[in-house]
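Here the structure comes first, spelled out in structure tokens, and everything after it is commentary.
2 protein chains.
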Amino acid sequence: MSQKFINSHAVVYKKFGDPRKVLELDTLKIPAEPEKEQCLIEWLASPVNPLDINRVEGNYAFREEPPVIGGTEGVGRVVKAGPNSRFRAGDHVTVFSATTPFWAEYGVIDDDELVKVDNRIPVELAATLMINPPTAWLMLNDYVKLEKGDYVIQNAANSGVGRNVIEMCKAFGYKSINIVRNRDNIDILKTDLWKIGADHVFTEEEFKEGSRKFLKSINARPKLALNGVGGKSALQISSVLEKGGTCITYGGMSKKAHEFTTSALVFNDIIARGISVGMWARQEGNLDAWNHCMQEVQKLAVSGKITAIPMEKVALSDFKKAINRSYDDRTVKQLLIMGGKNATSSRL
Amino acid sequence: MSQKFINSHAVVYKKFGDPRKVLELDTLKIPAEPEKEQCLIEWLASPVNPLDINRVEGNYAFREEPPVIGGTEGVGRVVKAGPNSRFRAGDHVTVFSATTPFWAEYGVIDDDELVKVDNRIPVELAATLMINPPTAWLMLNDYVKLEKGDYVIQNAANSGVGRNVIEMCKAFGYKSINIVRNRDNIDILKTDLWKIGADHVFTEEEFKEGSRKFLKSINARPKLALNGVGGKSALQISSVLEKGGTCITYGGMSKKAHEFTTSALVFNDIIARGISVGMWARQEGNLDAWNHCMQEVQKLAVSGKITAIPMEKVALSDFKKAINRSYDDRTVKQLLIMGGKNATSSRL
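Top line first, the protein sequences correspond to chains A and B. Each residue of the first sequence is one higher than the last, beginning at 359 in this note's numbering. Each residue of the second sequence is one higher than the last, beginning at 359 in this note's numbering.
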């Protein structure tokens, strides 16, 4: 009996380069019958992350040689489970791997690599569940012992991680102090962040000007600073920590080195460290803690305590539009929709 | 019976300001008979540290309101011990306190505050034993578990702390990689550092150019980076750490914020922290560890495994010369000699 295949569109790159130039739509043949412990997956959605851009450019720490299918996180639905698979048709799943080909209509994946995603979680959030929410969760749970009412300060408060931090602080009873870059319509952004649970929102300039007065008014110092920006912004949030506080870096959007003052390090005894959730999860001895983290994140997602960031949905066949927009306007995340029924723009 | 006094010259400041202007020689009356648990001390020598300058300027973290006698570390000899004192005349002693008046000929100090210094330790080293050597010792012993043959990298390798780090690495069997600023006669400096036990010495430019090749040649990465400079120099030494390595900041000579890359923090999982030995020693629960540290430092000093940095001795009465020179040429430490017999320049 000859093996059957199905056609799957996929966004691939055959050499490193500018994603706007080197990414192309290809058609791949996918085995229609998964083996014993495999599943045939129909991919539903996958975001365009900065990480994806870096990977295509060849600038990411882990360089996977092309040809490669794009995408680093997403969600799919099991179309057909192999005879010994622990999954069922209809299950929502994701994959935790740096090299999973999400930007495609279909894929056959080993059970080992699949993670069950609660079907009640909205697709937009399910597609972005494996990087930002666990980053936020681990930073709030794994470094500093926080009590209800304690303060957490962060920059990049409107980023995916930033918004999850706001929502989780709200859920856990911590107070969040949120720094954002100034922009047109800053009041709309502030209102948006207040709505999802932010306690305090400042532009960098407002905080520079008013931090002394503000800290006096709350009569407390944050124990934890979360830094996704770098440069002077890292200095700003780490300088107001309480003695012995911790600053965790998870990104460097400013593309500048992270700055800390002598006073913060030497006299205020702060600890500066970093987290890459992918590396954290794969670190020896962290597997149980990682599974626990993902369970907690899914609970928060099911109960609506964390939500997806604003996203623009684009059909897989229109991927160029999503890639271009992710350069033009980084405030709205681009989400590729691949699901068989929605893979072409005419159907969205 | 009326109390007897002795006259003691002292270098004092009566208001904060430029030390070259506000420091002046005064004559104080010191009780000639120490009480039960006190000692009359003849101060022998005290260095001019950057910390002293900052204190006089009013720029140090702990602001003690003038009038104040200068100096933050030094060594003295017990002239007369009180009836219940645990010290004997002739004992060498120092004081561990941020507010001890070292820049004077005589003082009466409570036993509680006095620390015995082994009389075999040369006066230059004894006078500079309480800040730099324990800073170096704690950084090498208290943060990272080092094994013989492990690499330690540092900047400011020619500073007081830097030279102690070199000597202690040698004594403990660690390999030191030492970065210095380029200067005239760099070869003389390199030879000097090799002589006291440096394994590798580079200028910042040499290390920038050749670090990749060098690290390949030793086939290892340092576990520990020691930073007394800040700015890009912190970035340089922290970027070559092994995964999970630690960078400890003890000073910021460049007066620039300390920089760390996203890659070092996020993907190489380094930890950046700081130490102030004064605060460390006074931290709750650290007293036994501090005493142990000082015992070990004294052993190293007695056996000649750590040595004093190059010093220029200046009589107390010539203090202005020492203060001015500490601005003009920071490569040679200024040591004030106060001992009754040497307090005036004509006797030096």
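Here a beta-carbon is modelled for each residue, glycine too, at the ideal position from N, C-alpha and C.
{"Asked": "Is N536 of chain A helix, strand or coil by DSSP?", "Found": "strand"}
{"Asked": "Note the first and the last residue of the continuous beta strand (DSSP E) segment covering V587 of chain B.", "Found": "Neither: V587 of chain B is in no beta strand (DSSP E) and is coded neither H nor E."}
{"Asked": "Could you check if K571 of chain B is buried or exposed, using at least 16 other CB atoms within 10 Å of its CB as the buried criterion?", "Found": "exposed"}
{"Asked": "When burial is assigned at 16 or more other CB atoms within 10 Å of the CB, is Q656 of chain A buried or exposed?", "Found": "buried"}
{"Asked": "Beta-carbon within less than 8 Å of L623 of chain A's beta-carbon, same chain only, minus the 5 sequence neighbours each way: which residues are those?", "Found": "A630"}
{"Asked": "Give me the chain A residues within the contact set of F625 of chain B, using Cβ-Cβ distance strictly less than 8 Å, ordered along the chain.", "Found": "A419, G632, S634, M637"}
{"Asked": "Using a Cβ-Cβ cut-off of 8 Å (strictly less than) and excluding sequence neighbours within five positions of L551 of chain B, which residues of its own chain qualify?", "Found": "A515, N516, R521, I524, N536, V538, V559"}
{"Asked": "For A615 of chain B, decide whether its Cβ has a neighbour in chain A, counting only Cβ atoms nearer than 8 Å.", "Found": "yes"}
{"Asked": "Taking the beta carbon of P492 of chain B as the centre, do at least 16 other beta carbons fall within 10 Å, making it buried, or is it exposed?", "Found": "buried"}
{"Asked": "Kindly say whether F618 of chain B, judged by its beta-carbon, lies nearer than 8 Å to any beta-carbon of chain A.", "Found": "yes"}
{"Asked": "I'd like to know if I489 of chain A contacts chain B, where contact means its C-beta is closer than 8 Å to some C-beta of that chain.", "Found": "no"}
{"Asked": "Quick check for students: name the residue ranges of the beta strand (DSSP E) that lie wholly in the region 361-402 of chain A, counting only runs of 3 or more.", "Found": "363-371, 381-389"}
{"Asked": "Compile a chain-ordered list of the residues in the region 582-593 of chain A whose CB is closer than 7 Å to at least one CB of chain B.", "Found": "G588, L593"}
{"Asked": "With 8 Å set as the bound, which would you pick, yes or no: does the beta-carbon of G555 of chain A sit closer than that to a beta-carbon of chain B?", "Found": "no"}
{"Asked": "Looking at C-beta atoms only, is the number of pairs between the region 432-450 of chain A and the region 370-384 of chain A that lie closer than 8 Å three or more?", "Found": "no"}
{"Asked": "Excluding sequence positions up to five away, which residues of its chain have a Cβ less than 8 Å from the Cβ of D686 of chain A?", "Found": "none"}
{"Asked": "Give the DSSP-derived three-state secondary structure of D476 of chain A in the structure shown.", "Found": "coil"}
{"Asked": "Within 8 Å of any Cβ in chain B, is that where the Cβ of T607 of chain A sits?", "Found": "yes"}
{"Asked": "Going by DSSP in three states, P424 of chain A sits in which element: helix, strand or coil?", "Found": "coil"}
{"Asked": "On the CB-based measure, 16 or more other CB atoms within 10 Å of its CB, does K601 of chain A come out buried or exposed?", "Found": "exposed"}
{"Asked": "So which of A:K533, A:E563, A:V519, A:G555 has the shortest CA-CA distance to N540 of chain A?", "Found": "A:E563"}
{"Asked": "When DSSP labels each residue in this structure, what does Q641 of chain B get in the three-state scheme?", "Found": "coil"}
{"Asked": "Taking the continuous alpha helix (DSSP H) assigned at M696 of chain B, which residues delimit it?", "Found": "First-last for M696 of chain B: undefined, no H or E at that position."}
{"Asked": "DSSP puts K671 of chain B in a beta bridge; with which residues?", "Found": "B:L693"}
{"Asked": "Using the Cα positions of G632 of chain B and A583 of chain B, report the straight-line distance between them to the nearest angstrom.", "Found": "11 Å"}
{"Asked": "Report the neighbours of G610 of chain B on chain A: residues whose CB is nearer than 7 Å to its CB, in chain order.", "Found": "T620"}
{"Asked": "Go ahead and pull the three-state DSSP assignment for F328 of chain B.", "Found": "Any property of residue 328 of chain B remains undetermined from this structure, which presents chain B solely from 359 to 706."}
{"Asked": "Taking only the alpha-carbon atoms, compute the straight-line gap between G440 of chain A and L483 of chain A and give it to the nearest angstrom.", "Found": "27 Å"}
{"Asked": "Under 8 Å, Cβ to Cβ, is there at least one residue of chain B near I629 of chain A?", "Found": "yes"}
{"Asked": "Quick one: Cα of I790 of chain A to Cα of D627 of chain B, how far?", "Found": "No answer is possible for residue 790 of chain A: it lies beyond the span of chain A, which begins at 359 and ends at 706."}
{"Asked": "Would D508 of chain A be called buried (16 or more neighbouring beta carbons within 10 Å of its own) or exposed?", "Found": "buried"}
{"Asked": "Please determine, among B:N365, B:D410, B:A390, B:K394, the residue with the shortest C-alpha to C-alpha distance to N682 of chain B.", "Found": "B:D410"}
{"Asked": "Enumerate, from N- to C-terminal direction, the unbroken alpha helix (DSSP H) stretches of 4 or more residues contained entirely within the region 599-669 of chain A.", "Found": "635-640, 645-660"}
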